[in-house]
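Residue numbers (mature numbering (1 follows the signal peptide of the UniProt record, and there is no 0)): -24 to -1, 1 to 413. Each residue gets a CB set at the ideal place from its N, CA and C atoms; glycine is no exception.
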């Protein structure tokens, strides 16, 4: 078996003819040859013997039409019959000569470049010459090369399906940004329509252009309701493949009212109420009277610090107490004097400071002589039994919030006439509101 190579084919245009171009016979770089000899017939002379039998060969080419790829992989078969041993067969497609060993020579001519497109489409014409001694026969043969068949991609069956991004949307969202959807199974590059049920009107938009599927039959877009055209309720949309008329299953969604924002009430500012702002010494030392300090609008559970400082009265020390604000953010104390025997010791002005979170609230009250009380017998100022200042009484504002009469000596309180003078607070079961004061 022998393979022969030919040069690439050159196309020759035929001017003025309506026929296809004629392809010149390829050179030996493009085609190969596979030689198949028929067995030698009995009684045939050897190739070296002289035979004057008249030459009457026949030539055939099969197939007459072949694809570019088959010319690489299979080739065309050239068959020459009615030969005698010693006859020679030459074709100008391969440029090779084959000597017959019997009555038939058969071989394949094929594209040996490995590239189907190296031999272009069109007829390949070549000449076959058969010689026997001085005799010669010439045959004009051809075969036609065709382009490889390309399988057209099978268009997917149209079976549209769609889904919505959400099954619930507000009225304003539906009329504004719209309801997004996606789908598949539509005609590739085909247009898609949207059909709404229970909607007065609606439009599907995709970048402000006609809604179309892509090359894979997929589609995305947004369904938007015209302004003031939709009310809360249940709705459905169906997507239609315009080319085939096929529809998706109806997609249901619910339009709901827009949420109404409840106006936020600004947080009330913390408030301090001092009542009364002026009190007589007699009332100030009564446990059920005194001065009420009420704070409102603190944070529930927050620490509320009450501080009462006497102004210019060195005999009375500061009151400092911390309470917890109740569930409504309120807290209160009642400050009063426990030295009922010497109420005039508390006469003077007092500053009130209350700390509530980041707020610092201030107020004041005064303990003043009752103008209707009449003259003094000299004992209202604390007497002179202790020799510690005559009529200048003294007192404390204890920090514990409980009456401290029994702890006076141990607490190191200022004494007037040997008696502890101090302020305390009265606890209340409930926090009074300003209207209670």
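Can you list, in chain order, the residues of its chain whose CB lies under 6 Å from that of residue i, leaving out five sequence neighbours each side?
i           : result
residue 39  : none
residue 282 : 269, 297, 309, 330
residue 339 : 248, 250, 328
residue 107 : 64
residue 299 : 280, 307
residue 151 : 201, 203
In chain order, what residues of the same chain have a beta carbon less than 8 Å from the beta carbon of residue i, not counting five sequence neighbours either side?
i           : result
residue 342 : 253, 254, 255, 324, 325, 326
residue 276 : 301, 302, 303, 304, 305
residue 260 : 266, 267, 312, 313, 319, 322, 343
residue 123 : 43, 44, 97
residue 47  : 86, 87, 92, 95, 121
residue 348 : none
Assuming residue i is part of the alpha helix (DSSP H), what are its boundary residues?
i           : result
residue 45  : 44 to 49
residue 420 : The question about residue 420 has no answer here: the residues shown for the chain are numbered -24 through 413.
residue 258 : 257 to 260
Could you give the first and the last residue of the continuous beta strand (DSSP E) run that contains residue i?
i           : result
residue 157 : 155 to 160
residue 433 : It is not possible to answer for residue 433, since the shown part of the chain is limited to -24 through 413.
residue 251 : 247 to 251
residue 324 : 324 to 332
residue 107 : 98 to 108
residue 138 : 137 to 140
residue 210 : 209 to 217
residue 342 : 335 to 343
residue 271 : 267 to 272
residue 87  : 81 to 87
residue 76  : Premise fails: residue 76 is in no beta strand (DSSP E) and is neither H nor E.
residue 70  : Counting along the chain, residue 70 falls outside any beta strand (DSSP E), and DSSP gives it neither H nor E.
residue 307 : 307 to 313
residue 222 : Careful: residue 222 lies outside any beta strand (DSSP E) and carries neither H nor E.
residue 296 : 295 to 300
residue 118 : 111 to 122
residue 54  : 52 to 57
Mind checking residue i: buried by the 16 CB within 10 Å criterion, or exposed?
i           : result
residue 257 : buried
residue 126 : exposed
residue 30  : exposed
residue 168 : buried
residue 141 : exposed
residue 221 : exposed
residue 230 : exposed
residue 70  : buried
residue 272 : buried
residue 288 : exposed
residue 18  : Here residue 18 scores only 47 on pLDDT, less than 50, and its place in the model is too uncertain to base an answer on.
residue 112 : exposed
residue 315 : buried
residue 90  : exposed
residue 109 : exposed
residue 295 : buried
Are residue i and residue j touching if we call contact CB-CB under 9 Å?
i           : j           : result
residue 53  : residue 85  : yes
residue 36  : residue 58  : no
residue 192 : residue 160 : yes
residue 201 : residue 146 : no
residue 195 : residue 138 : yes
I'd like to confirm something about residue i: is its beta-carbon nearer than 8 Å to some heavy atom of the ligand ADP, or not?
i           : result
residue 247 : This structure simply doesn't include the ligand ADP, nor any ligand for that matter.
Just tell me which of the options has its CA closest to the CA of residue i.
i           : options            : result
residue 284 : 250, 263, 274      : 250
residue 68  : 132, 209, 104      : 104
residue 77  : 60, 123, 92        : 60
residue 216 : 166, 263, 248, 62  : 166
residue 274 : 70, 123, 332       : 332
residue 136 : 97, 163, 87        : 163
residue 120 : 245, 170, 51, 223  : 51
residue 244 : 226, 335, 44       : 335
residue 232 : 238, 218, 226, 207 : 207
residue 203 : 149, 66, 128       : 149
residue 211 : 107, 128, 226      : 226
residue 66  : 48, 115, 41        : 115
residue 219 : 264, 262, 189      : 189
residue 278 : 307, 170, 239      : 307
residue 92  : 49, 130, 101, 294  : 49
residue 224 : 170, 317, 263      : 170
residue 228 : 238, 128, 246, 209 : 209
residue 246 : 337, 46, 110, 128  : 337
residue 317 : 295, 262, 294      : 262
Near residue i, which residues of its chain fall below 7 Å by C-beta distance, leaving aside the five closest residues on each side in sequence?
i           : result
residue 346 : 256, 258
residue 32  : 58
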